[in-house]
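Worksheet for the structure shown next.
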Amino acid sequence: MLGAGGAHATATETSGVFALAPDSNIADQLQDVLVEAPEPKYVSPTIRDHIGRIWAPVMINGKGPFRMVLDTGASHSAVTALVALSLGLPMDQSATVMLKGVTGEAIVQTIRVDTLSVGELDMVGTVLPIVPDALGGAEGILGYEGLSNKRIFIDFRRDRIAITYSRDEHAADGYIRVPFKSLRGQLIAVDTVIGGIRTKAIIDTGGQSTIANLALRDALARRTGIFSGKPDEIIGATKAVQSGEIIPMPPIKFGSIQIEDSGVTFADMYIFKEWKLTQDPAIMIGMDALGLFDAIVIDYRRHELQIRTRGSG
-7 MLGAGGAHAT ATETSGVFAL APDSNIADQL QDVLVEAPEP KYVSPTIRDH IGRIWAPVMI
53 NGKGPFRMVL DTGASHSAVT ALVALSLGLP MDQSATVMLK GVTGEAIVQT IRVDTLSVGE
113 LDMVGTVLPI VPDALGGAEG ILGYEGLSNK RIFIDFRRDR IAITYSRDEH AADGYIRVPF
173 KSLRGQLIAV DTVIGGIRTK AIIDTGGQST IANLALRDAL ARRTGIFSGK PDEIIGATKA
233 VQSGEIIPMP PIKFGSIQIE DSGVTFADMY IFKEWKLTQD PAIMIGMDAL GLFDAIVIDY
293 RRHELQIRTR GSG
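Structure representation (structure tokens):
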């Protein structure tokens, strides 16, 4: 059982979501990036008054590493204008693209890079949109493009992230196995139950806060009879703002895992419409909840999450 501590505030900012040692056996098999510092540099947990983060050290055109938010809700990677400047790449010589974020869309400039790499992920000749901002001062967003055969190991306790080819590793002792389905490409979709309501959950490592759609709010309201909260605003990667409401919600349950959160933002989000997730109950589980785990393995090839909860090892 995990408690998120109600890490919500007015004008919550969420990143990405746009279209365009664990057990020693696992640690030995992964070629990981390990950073040791007084403060977490790449991976930090959710604690009281602090929402966790997952940043990957990404090399672009042989330069870097740039700290980019690992965003399992974003179809493509993107960088900030400062990264483009540091690479010496003009932003006015490539085509513009439509950036679709959590709260809205915007036409943005792009740059074309020769290489982008982190761990065993290598992409060549890719176009990167320029985002106005990224989560918590990161230098870009690492989307799920190129991750279809990869395994990502995230250790919140040891400030460690590794991206390798999936080698069909089974979950180690102390890890809970959670199968997932791919939705609209490579979105990670998990079947959950919230207050007795079957709910489609999207695992969103690029978003700070957990956000639910109005179909879930209405379903819970019909069951409980009382369902109201306080106003909230969500700011997305495009800087568009949408209004919502923070409402206390029953625990999020999937498999043997239960996440408790004192308040979730319910809103008619732009991205729910883009993903066609407005008719049935749906929720995006962000870092306020995901950062409560001790370690997470995302195995895209096996379509499986492997989760170690705090205190389990």
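Oh and the sequence shown: position 165 is 157 in our numbering, straight run, nothing missing. Here a beta-carbon is modelled for each residue, glycine too, at the ideal position from N, C-alpha and C.
Presumed contact (8 Å Cβ cut-off) between Leu206 and Gly44, rounded CB distance:
Wrong, their Cβ atoms sit about 27 Å apart, outside the cutoff.
Closest Cβ-Cβ distance between Thr95 and chain C: below 7 Å?
Given the protein chain composition of this structure (a single chain), no chain C is represented.
Report the residue ranges of all beta strand (DSSP E) runs contained in full by the segment 241 to 284; include only those spanning at least 3 residues, in chain order.
244 to 246, 249 to 252, 256 to 258, 274 to 277
Quick one: grab the DSSP three-state call for Ala211.
helix
Does the separation of the CB atoms of Thr202 and Ile99 fall below 7 Å?
no
Considering Cα atoms alone, identify which of Arg104, Gly255, Asp125 is closest to Pro60.
The amino acid occupying residue 60 in the given sequence is Met; Pro does not appear at that position. It is Asp125 whose Cα lies nearest to the Cα of Met60.
Span separating the alpha-carbon of Glu296 from that of Gln101:
35 Å
Thr38 by DSSP, collapsed to three states: which one?
coil
Which whole runs of the beta strand (DSSP E) in the segment 137 to 217 are 3 residues long or more, in chain order?
142 to 147, 152 to 157, 168 to 171, 173 to 175, 179 to 186, 189 to 195
Is the segment 74 to 89 in contact with the segment 146 to 155, if contact means three or more CB pairs nearer than 8 Å?
no
Between which two residues does the alpha helix (DSSP H) holding Ser86 run?
Note, Ser86: premise wrong, no alpha helix (DSSP H); not H, not E.
For Gly56, which residues in the same chain have their Cβ closer than 8 Å to its Cβ, ignoring the five residues on either side in sequence?
Pro49, Val50
Where Gly221 sits in the DSSP three-state scheme:
coil
Using the Cβ count rule (16 or more neighbours within 10 Å means buried), how would you classify Met90?
exposed
Under the assumption that Ile290 contacts Thr64 (Cβ atoms under 8 Å), give the Cβ distance between them as a whole number of angstroms.
7 Å
If I measure Cβ to Cβ from Leu74 and keep anything under 8 Å in the same chain, skipping five residues before and after, which residues do I get?
Glu131
Rounded separation between Val256 and Arg104 - CA only
38 Å
Near Gln178, which residues of its chain fall below 7 Å by C-beta distance, leaving aside the five closest residues on each side in sequence?
Tyr136, Leu139, Ser140, Tyr292
Residue burial classification, Leu134 (beta-carbon count within 10 angstroms, cutoff 16):
buried
Backbone CA spacing between Phe219 and Phe285 [nearest angstrom]
28 Å
Where Ile186 and Ala76 are concerned, what is the direct C-alpha to C-alpha distance, given to the nearest angstrom?
43 Å
Could you tell me the alpha carbon to alpha carbon distance between Ala(-4) and Lys192, rounded to whole angstroms?
Summary for Ala(-4): the model assigns pLDDT 43, below 50, so the residue's position carries little reliability; its value from the coordinates is reported in the next sentence. Computed Cα separation, rounded: 20 Å.
Beta-bridge partners of Gly132, as assigned by DSSP:
Met60, Val71
Proximity to Ile239 [Cα-Cα], best of Ser158, Phe172, Ala259, Ala70:
Ala259
Contact check, Arg159 vs Gln298 under 8 Å by CB: the rounded distance?
With 8 Å as the limit, Arg159 and Gln298 do not qualify as a contact, their Cβ atoms being about 13 Å apart.
By the 10 Å Cβ neighbour count, where 16 or more other Cβ atoms means buried, how is Ser235 classified, buried or exposed?
exposed
Counting C-beta neighbours from all protein chains within 10 Å, is the total for Ala87 16 or more, i.e. buried, or is it exposed?
exposed
Should Pro121 go down as buried or exposed, given a rule of 16 or more other Cβ atoms within 10 Å for buried?
buried
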